[in-house]
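In mature numbering (1 follows the signal peptide of the UniProt record, and there is no 0), the protein residues as written are -20 to -1, 1 to 1032.
In structure tokens form, the structure reads like this:
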């Protein structure tokens, strides 16, 4: 009875502890969420403007910058007001050079037309409620002084209860000279342009976004008023600057929802504009002078310097570009790519145009087309299997409003949310700020409706609609788009897996000591907190599961109807083809079948669905939903069967779409290019797949898609290459090159198999080509481009385009010795043999300083103590490891302690007797109390031969080797390798060595994939050795895949 009572007591105590812990986690999550939202409340969330700010709420104050030159009336400055980002507007470039995403941004705009460089520096307060922007202008080199008029606007339509103040502060050190006012102008009682003017306007809510046109009209009206006020003899005396002025100040009590501030400057100039708000303050409590002084002037300068320094340190700690040897120019380019993507994030709220007339129709096939004006009625009838009169009449309607927080592909050309673009963007944003990326994903998930549909292009409100041709504004709820956000979710799952150890310790965080205003803490909270991660996944999972099921219902494809056979019923077709376009696929004009047909099957959509099922399976498994996980696993395997049984074309040795000819027969639609690569790009092929070699050969084929600038979208031998719009018919797209590179790195180049070396070669060369060309085009033009020419590598179409082109930066971030950098080092060594002491210093070409201290056989025979360290002075990066080694006749053991990483203890030992030996290795993480690594080996060594067996990678990779010394001149060896984890076939190598004389020998080896290695070594003189070698693929002797090399060794 006592035992039973104690058990109940223990169970009750355990339940209380669990409940208290869950409550604490919930409180912590709530506190962090509040701090997270506060840090992101205000931002540069109007990416379509050169500079615009707003809050991440539907009801907000809108603020924005305009400027125009006033030096030349003939240039019609009222028609050249800078406000919204435009292409080809006389700018030599504009981009956020640094942007943290939460509290800091620094942008440069090179305006050649007006001879001025505009810089905008944005900074937020620690609590996220206030912000300041410093706007400065400097003359361009070798140009005349620029006279610039700077109108600033803010709109306050929806926030009457928000107490805020705008502070305008001019830097005395900059002098901010205005164009001098003439005595005649003074006599005419015209405004002194050294004084600012404040104008109030009252505009309807749906017109405030078009403020630039209203400013233009005000300038023209004021000029006409001045001209009409004075006689003809006086008109010529009116200074130009006054003709480009908004006029006199409005009365302080004037009504209006818009305030326009204008001031005219002669560069160089600088002005600070501070937005100070306090939602808890009444109108009777004005903002204090102390608040103002801390937000502008010298204190702002100091804060900007600190913020920039923190950004630079965090950037290097995140991406390690300086450590990897990149130049200052390349590092600056990387910062710009990251910052312009993050600085291009926006908050959008408004209605959207949706046509649901196509839904709910009865019939075998959902009508799924957009009528093409280029087709005659007969062609339309053939495709749609019925008369055009059966199609419903278009019925687009405004729906919403809805809200979206997202990134944009291009600030001037695509300043709105694109579903398939955003998934790519998160690959970069998520590395920098995991929780910022999760916000974007969750915002998109909130738009997935009850049926599982989300519009592929989010054109919310009148302002975004103004940038979109009318025929592209309507969204159809049976049209899809590649579900690339699942790749971002998979990346998040990988970050969770990598950070699992720290995440578990993160759950022990209490309120004490947690810095809720620390951007790094907020950026990674959903990695460091398991409870928060599980809660997030549980929140977004139902939405993406609905979308997956919607794809299966609405984008299904026909198999049996056209005599096709497959053991799986998984097949898919993009709805919404129109003539040569399949806009819904994202690959717009990429050639499909000549005539659209209901029997088409699209290989890229099947691949996306296979990846979707795999991702949802991983999430459901993380959430403990075993039934869902099992279902997704079955569907994923069925999709892989369909990929091979339906879409592989043996004659062309590639993956293709399928369609139906005039005789009703199914056939493969062969257009080699990006479509062919999808199974490899999305990692659906095993590393030893029998079809992987053909796909890699296609990638490397200069006759097809290989170029010196990246992989082209369509084979150069295809009849459609470079034709028509030439959008996806040849140009190089960085997102597809990125998918190829990341898949090669993750799935193929690091896994032993028949195609490992080919994957490594492609990765190295492709990455070098992409990095070089994108950077060179940026240096040449000042812009990053939407796509690049397949023939000359020139930037094409939209610019700046730091959407998925910024993924070039993630490729850059992988740079290592394989990139072609030549490394060397300088060593100095001091040895005190009597005491067993040695000291070695090293300096490498990457400016790494190293030191090693050893004490051997001094304390005890066979005992060696060591301390090894390195330092990168530029960044303060340091490493240190202490070691102990003990060696006797029958035993050898080593132990090392990594002092800064973990700390981690690594120990190994070998024992042997009469030729037999056994050994093992283990790694132990002290902070996590966890064994991370272990392996074991057995072997036997005889005078003329040796044999060994090694079980590595936690006893999953097995290697057996044999070596035989036949005589004094000849040696032979063999090795077999099997990977239990991948269940791959056994890899076999055999080799031999032949001594020509005491100073020269030959080596040769061959493996089961036909790779032949040959080597020759010659001692030229004592201390100087020459080695020549080559690696040849005997299965492709005519191909450019072989390697030769040499080395020259000097020993003293």
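Even glycine gets a Cβ: it sits at the ideal position worked out from N, Cα and C. These numbers come from a predicted model, not from an experiment.
Candidates the options, of which the one nearest residue i by Cα
i, options, result
"residue 329", "458, 37, 83 and 252", "37"
"residue 191", "45, 969, 579 and 873", "45"
"residue 966", "957, 746 and 974", "957"
"residue 629", "529, 645, 656 and 616", "656"
"residue 1070", "960, 730, 925 and 646", "The first residue shown for the chain is -20 and the last is 1032, placing residue 1070 beyond what the model contains."
"residue 470", "512, 446 and 418", "418"
"residue 567", "468, 679 and 401", "401"
"residue 587", "578, 557, 561 and 626", "626"
"residue 575", "590, 559 and 583", "559"
"residue 42", "1001, 51, 54 and 29", "29"
"residue 110", "237, 49, 119 and 254", "254"
"residue 290", "122, 81 and 748", "81"
"residue 207", "440, 224, 278 and 830", "224"
"residue 867", "501, 34 and 888", "888"
"residue 992", "748, 1011 and 981", "1011"
"residue 592", "617, 578, 569 and 996", "617"
"residue 893", "849, 871 and 1006", "871"
Cutoff 8 Å; reference residue i; Cβ partners in own chain excluding five residues on either side
i, result
"residue 700", "571, 651, 694 and 709"
"residue 1041", "As shown, the chain starts at -20 and ends at 1032. That puts residue 1041 outside it, with no answer to give."
"residue 176", "148, 241, 242 and 243"
"residue 536", "551, 552 and 553"
"residue 275", "105, 110, 112, 147, 252, 254 and 256"
Close beta carbons around residue i, own chain, < 7 Å, minus the five adjacent residues each side
i, result
"residue 47", "62, 98, 128, 129 and 130"
"residue 763", "73, 775, 779 and 780"
"residue 989", "734"
Residues near residue i in its chain [Cβ-Cβ closer than 6 Å; skip 5 each side]
i, result
"residue 198", "226"
"residue 504", "414"
"residue 687", "770"
"residue 665", "659 and 672"
"residue 837", "816"
"residue 186", "442"
"residue 436", "399 and 461"
"residue 1019", "none"
"residue 467", "403"
"residue 577", "639 and 640"
"residue 79", "85, 319, 322 and 323"
"residue 114", "101 and 252"
"residue 1", "A caution first: residue 1 carries a pLDDT of 46, below 50, which makes its placement in the model unreliable, though a value can still be read off. Cβ neighbours of residue 1 beyond the five flanking positions: none."
Residues sharing a beta bridge with residue i, DSSP
i, result
"residue 744", "Partner(s): none; residue 744 has no beta bridge."
"residue 893", "896"
"residue 983", "973 and 995"
"residue 333", "378"
"residue 915", "901"
"residue 177", "242"
"residue 1013", "991"
"residue 76", "87"
"residue 876", "863 and 886"
"residue 208", "Looking at the DSSP assignment, residue 208 forms no beta bridge with any residue, so it has no partner."
"residue 843", "866"
"residue 940", "929 and 956"
"residue 1035", "The requested residue 1035 does not occur in the structure, where the chain is confined to residues -20 to 1032."
Please determine if the segment 195 to 214 and the segment 94 to 102 are in contact, where contact requires at least 3 C-beta pairs separated by less than 8 Å. no
Assess contact between the segment 603 to 612 and the segment 673 to 691, defined as three or more Cβ pairs (one per stretch) separated by less than 8 Å. Is contact present? No, because fewer than three Cβ pairs between the segment 603 to 612 and the segment 673 to 691 fall closer than 8 Å, the two stretches do not touch.
Contained alpha helix (DSSP H) runs [length at least 4] in the segment 226 to 291, N- to C-terminal order: 269 to 273
Should the segment 448 to 460 be called in touch with the segment 323 to 339, which here means at least 3 C-beta pairs below 8 Å? yes
Completely contained alpha helix (DSSP H) runs for the segment 568 to 627, where each covers 4 or more residues: For the segment 568 to 627, whole alpha helix (DSSP H) runs of length 4 or above, ordered along the chain, are 583 to 602 and 606 to 627.
Mind the definition here: the segment 382 to 398 touches the segment 53 to 73 only if three or more C-beta pairs lie below 8 Å; say whether that holds. yes
Would you be able to state if there are at least three C-beta pairs under 8 Å between the segment 734 to 741 and the segment 590 to 603? no
Okay, do the segment 912 to 924 and the segment 890 to 903 touch, 3+ Cβ pairs below 8 Å being the bar? yes
Would you check if the segment 6 to 21 and the segment 100 to 113 touch, i.e. whether three or more CB-CB distances between them fall below 8 Å? The segment 100 to 113 vs the segment 6 to 21: in contact.
Alpha helix (DSSP H) segments (min. 4 residues) lying fully within the segment 385 to 471: 399 to 412, 414 to 425 and 442 to 445
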